[in-house]
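Everything below concerns the one structure shown next.
Numbering (the UniProt record's numbering), first residue to last: 1 to 223.
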């Protein structure tokens, strides 16, 4: 009932569940069983909830890589950057999915679309986002308030949600920073979510689970 993108070992598996799909993920890590990857789920609007399912496998070598003059590297998974188009296309919510690495003492500016939800998830290093260097401008949760470190950097395993605007910017000092930059058009519809199925109403959820249990959930064969 939605799109799911999985990035693992540089490769991408992109699946649109649509009217119903049953799948099993069997990822393999390195010789020690360790794997570095991400999953991103994107909801489908009501008008496309029952579209035909599809599956695409994108290899690492198919992902264009843009190298900017200051050494910033952008791997374009979905959307556009530096005049290059990513291999994942035809997604209903018009998302952008970039893997960005900004070297030390550098700056990266990227245009964003008004009205789209935009966020960055830092996966290596640290940097300043949108020139914000005041530590007290960030909302901190899940820590003892008296133990908060006054560090204005945004670092590994931190998500930054941007306000609506025309661009985002990241700058670094002594360390490089790598982050996933993701954006998409909000659907603005009610969500009914239970387990792996996302619909608009509880009645639609009930029908979907009834179809799963009576064997009619998959309507378009195998993908």
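Glycine included, C-beta positions come from ideal geometry on N, C-alpha and C.
Going by DSSP, residue 43 is part of no alpha helix (DSSP H) but of the beta strand (DSSP E) stretching over 37–43. With at least 16 other beta carbons inside 10 angstroms of its own, residue 106 counts as buried. Residue pairing from DSSP places residue 108 in a beta bridge opposite 170. Proximity of the segment 122–132 to the segment 157–166 meets the contact definition, three or more beta-carbon pairs being nearer than 8 Å. Taking C-beta separations shorter than 7 Å and ignoring five residues to either side along the sequence, the partners of residue 87 in its chain run 58, 62, 63, following chain order. When the beta-carbon positions are compared, residue 27 and residue 37 come within less than 8 Å of each other. By a beta-carbon distance limit of 8 Å, residue 96 does not contact residue 115. Their separation comes to about 13 Å. If you check the CB distance, residue 120 and residue 181 come in under 8 Å. Closest by C-alpha distance to residue 201, out of 215, 191, 112, is 191.
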